[in-house]
Each structure stands twice: as structure tokens, then as C-alpha cells.
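To keep things clear, I will list the structure first and then write my remarks on it.
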Amino acid sequence: MSALDAARPGSAPRVNPLQRIWLREIGMERLWLRPAPAPAALPLAAPAATPASAAAPVPSAPTPVAAQPMAQPAAAQPLAAPVQPAPPGAVADAPVERAAGRPGVPSSILNRSGPPPRPVPKADIAETAPPPIPVAEAVKDANLEQLSQQVVACTACGLCQGRRHAVFGQGAQPTRWLVVGEAPGEQEDRQGQPFVGRSGQLLDAMLSAVGMSRERDVFITNVIKCRPPGNRNPKPEEIAACSPYLMRQIALLKPERILVLGRFAAQTLLGTDATIGSLRGRIHQLKTDEGAQIPVIVSYHPAYLLRSPSEKARAWQDLKLAARAL
Ligand code: URA
Numbered sequence: 000m001s002a003l004d005a006a007r008p009g010s011a012p013r014v015n016p017l018q019r020i021w022l023r024e025i026g027m028e029r030l031w032l033r034p035a036p037a038p039a040a041l042p043l044a045a046p047a048a049t050p051a052s053a054a055a056p057v058p059s060a061p062t063p064v065a066a067q068p069m070a071q072p073a074a075a076q077p078l079a080a081p082v083q084p085a086p087p088g089a090v091a092d093a094p095v096e097r098a099a100g101r102p103g104v105p106s107s108i109l110n111r112s113g114p115p116p117r118p119v120p121k122a123d124i125a126e127t128a129p130p131p132i133p134v135a136e137a138v139k140d141a142n143l144e145q146l147s148q149q150v151v152a153c154t155a156c157g158l159c160q161g162r163r164h165a166v167f168g169q170g171a172q173p174t175r176w177l178v179v180g181e182a183p184g185e186q187e188d189r190q191g192q193p194f195v196g197r198s199g200q201l202l203d204a205m206l207s208a209v210g211m212s213r214e215r216d217v218f219i220t221n222v223i224k225c226r227p228p229g230n231r232n233p234k235p236e237e238i239a240a241c242s243p244y245l246m247r248q249i250a251l252l253k254p255e256r257i258l259v260l261g262r263f264a265a266q267t268l269l270g271t272d273a274t275i276g277s278l279r280g281r282i283h284q285l286k287t288d289e290g291a292q293i294p295v296i297v298s299y300h301p302a303y304l305l306r307s308p309s310e311k312a313r314a315w316q317d318l319k320l321a322a323r324a325l
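152 is the number that numbering that gives the first Met the number 0 gives to position 153 of the sequence shown; each next residue is one higher, with no gaps.
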């Protein structure tokens with residue numbers, strides 16, 4: 000056992016005569032053998048207390064989707080600070096105290112009372128890292144601005160890896176209509192705004208035909224906030240990960256009614272496998288966790304209407320239904 004190993008806070012370390020001679024040789028005998036000060040509780044990288052609420056997933060609002068873990072944006076989730084390896088040069092930059100205490104130990108450590116912190120083994124770091132917070136839990140108290148920041152920082156599913164921009168949504172507040180599409184396409188991914196491509200131009204024209212505009216009356220968003228590669232259909236786990244954002248948008252915007260565009264958005268929002276043909280032409284009610292009931296009108300997706308212009312007459316019926324829905 001070395002002198003270092005033998006050192007215990009509050010008592011002089013035991014050294015054998017040879018060690019004592021050696022310490023005297025290097026001028027450290029008096030300093031080294033001085034009793035260490037009493038220990039103080041200063042664990043390195045102690046895990047911050049995790050709020051109880053962060054551990055328990057909360058069921059998402061109206062749709063029956065399971066919440067997925069979300070990576071935490073640093074500002075929004077101040078839980079336990081991750082243990083960072085010292086950057087190169089950190090020790091060189093820190094003032095090194097050589098006159099007192101142990102040789103070569105930075106004064107930043109010596110100035111703490113108690114023994115210098117031991118390095119944290121990697122296994123301990125993994126065990127004390129905060130668990131990811133489920134999206135549904137993270138969004139539940141967010142305001143619209145915070146929610147939008149959470150969407151931009153979201154890594155709850157693999158779609159984050161290929162996106163240029165997450166597309167939160169855009170439009171009027173107070174919100175008369177909430178328009179819900181499927182997912183951003185290429186243009187939306189580039190610009191970070193919903194329905195800005197050809198589908199978006201048709202949507203604007205359809206809305207203006209019933210006296211609505213996205214600047215004044217309508218907020219536009221999608222079920223999925225990040226573009227699926229090649230515009231493929233979103234996967235169930237991506238829908239599950241993203242749905243809490245839409246539910247929170249609905250809770251915050253409190254739209255008078257919701258116009259859902261396309262089979263995918265309709266089935267997700269209404270929690271059904273029914274075809275779009277059977278869902279359109281009537282008014283559905285979405286019950287929110289806050290106890291509100293919001294009329295929901297289903298119509299065709301503008302991209303489908305671009306491919307099948309003969310269906311525009313039906314879409315026109317849907318818009319008129321939405322305009323008079325109570
Ligand atoms: N299609 C959608 O469903 N949403 C968009 O934002 C753009 C195209």
C-alpha cells in the first residue's frame with residue numbers, strides 16, 4: 000500500500016521510514032504528512048435529483064398513441080448534467096498549485112475541502128445519466144414557443160437523422176381552423192414551413208375559396224414534423240413519437256375546428272382504420288384531455304387532388320361542411 004493509498008481524511012497518512020526519507024528528499028515531508036482537512040460532501044458529477052414526474056410517462060392526449068423517449072434539449076431539460084470529459088488543455092489552463100498540498104493538483108480541486116474527487120468510472124456515468132423524458136411528459140406544460148423549440152430539437156425517432164428542418168407549423172392565432180396534413184415534403188423540409196410546395200398552393204386556393212387564410216384564420220401543421228425519406232409513409236413508431244406534439248398544439252391553439260387532410264392524418268387523429276371515403280362528408284368530434292370537443296372534418300389531401308382533379312368537387316363539399324360546422 001502506498002502513502003497515497005494510506006492517506007485518509009482527518010489523519011496523517013502512514014508512511015514507512017524509507018518513504019519519509021524520500022519525501023524529505025523532495026521537500027514534501029511536512030506538506031504531505033499534514034493531516035488532511037475533514038471531508039465535505041462533494042461527489043464529482045453527483046446526479047441531480049430527477050423530478051418524480053420525469054420518470055413516469057403520461058398517456059398522450061386524445062389519440063391512443065404511446066409516448067416515446069425524447070432526447071432532451073439542454074435548455075429545456077435541466078436534469079443531471081452529463082459528465083463531460085475534460086477538454087484538451089483544460090488541466091494546462093487551470094492554475095496548478097505546487098506550493099501547498101499535493102504536487103501537480105490543480106488549485107481548483109485543492110480549494111475544495113475534502114479529498115480530491117476520484118475519477119468517475121464509465122459504468123457509473125451510464126448508471127447515473129438521466130433517463131430520457133417521454134415526449135408526452137416533456138410537452139405537457141410547454142407553451143407554443145417552447146413546444147416549437149422541443150420539436151426543432153426532437154430526436155425521438157429516426158426521422159431526425161435525415162431532416163434539414165423539423166416543421167412545427169405556421170399560421171394564425173387565435174386559430175379558427177387547424178389544418179392537419181401528413182408530413183413535410185421536400186420543400187417543407189428545406190424551408191421549415193408547412194405546405195409550401197405545390198400541395199400548399201392548392202391548399203391556399205381551397206382555403207381562400209371559403210374566405211380563410213393562413214395569415215388570418217388558419218394554423219397549418221402535420222401529424223409528423225420531420226420528412227420521411229423519399230416521402231414514404233410514416234411508420235407507426237414515428238407516429239407514436241410525434242403525436243404528443245400535435246395533441247399539445249391542439250390544446251394550446253384551441254381551434255374552433257380541425258380540417259384533416261388525407262387518410263393518414265384522418266386515421267391518426269380519429270384513431271381509426273376507416274377509409275377516407277367513409278370518414279368524409281360528416282362531422283366528427285375530437286375530445287381533448289382538457290374536456291373540450293372540437294369538430295373534425297375530413298377531406299382529401301391536396302397532393303391526391305393534384306393527381307385526381309375530378310375529386311376536387313368532393314373536396315369543395317368538405318370545405319363547405321367545415322365552414323358551417325359548429
Ligand atoms: N404534404 C403534407 O402533408 N404536409 C406538408 O406540409 C406538405 C405536403
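Glycine included, each C-beta is placed from N, C-alpha and C at the ideal position.
Exercise. Can we say the stretch 235 to 254 touches the stretch 302 to 311, given the rule of at least three CB pairs closer than 8 Å?
Worked result: no
For this session: With a threshold of 16 other CB atoms inside 10 Å of the CB of Ala264, please say whether the residue is buried or exposed.
Result: Start at 1 with the first residue of the sequence shown, and residue 264 comes out as number 265. Buried: at least 16 other Cβ atoms inside 10 Å.
Exercise. From Pro233, Ala324, Gln169 and Arg262, pick the residue whose C-alpha is nearest to that of Glu214; which is it?
Worked result: Translated into positions along the sequence shown, residue 214 becomes position 215. Considering only alpha carbons, the answer is Gln169.
Exercise. Which full runs of the beta strand (DSSP E) of 3+ residues lie inside the stretch 142 to 190, going along the chain?
Worked result: 176 to 180
Problem set entry | Through-space distance from Val150 to Asn142, alpha-carbon basis | The residue labelled residue 142 in the question sits at position 143 within the sequence shown. The residue labelled residue 150 in the question sits at position 151 within the sequence shown. The alpha-carbon atoms of Asn142 and Val150 are separated by roughly 12 Å.
Exercise. Bridge partners of Arg256, per DSSP?
Worked result: Position 257 of the sequence shown holds residue 256. Its beta-bridge partners are Trp176.
For this session: Note down the Cα distance separating Arg226 from Ile219, rounded to an integer number of angstroms.
Result: If you number the sequence shown from 1, residue 226 lands on position 227. If you number the sequence shown from 1, residue 219 lands on position 220. In a straight line, the C-alpha of Arg226 is about 16 Å away from that of Ile219.
Exercise. Ordered along the chain, which non-local residues of its own chain (more than five positions away) have a Cβ less than 6 Å from that of Gly103?
Worked result: Locating residue 103 in the sequence shown gives position 104, where the first residue counts as 1. Low per-residue confidence applies at Gly103: pLDDT is 30, beneath 50, and the placement is therefore not dependable, though the value from the model is reported in the following sentence. Around Gly103: no qualifying Cβ.
Exercise. Candidates Leu260, Arg256, Lys139 and Ala322: which alpha carbon is nearest Ala291's?
Worked result: Residue 291 sits at position 292 when you count from the first residue of the sequence shown. Cα-wise, what sits closest to Ala291 is Arg256.
Problem set entry | Cα-Cα separation between Cys153 and Arg323, rounded to whole angstroms | Translated into positions along the sequence shown, residue 153 becomes position 154. Translated into positions along the sequence shown, residue 323 becomes position 324. Each residue's alpha carbon lies about 37 Å from the other.
For this session: Report the rounded CA-to-CA distance for Gln160 versus Gly184, giving the unit in angstroms.
Result: In the sequence shown, residue 160 corresponds to position 161, counting from 1. In the sequence shown, residue 184 corresponds to position 185, counting from 1. So the two alpha carbons sit approximately 15 Å from each other.
Exercise. Cα-Cα, which of Asp288, Gly196 and Ala239 is closest to Pro133?
Worked result: Sequence index remark: in the sequence shown, residue 133 carries index 134 (1-based). The candidate whose alpha carbon is nearest that of Pro133 is Ala239.
Exercise. Quick one: is Pro228 near chain D, going by C-beta distance under 8 Å?
Worked result: Reference to chain D is not applicable here, since this structure consists of a single protein chain.
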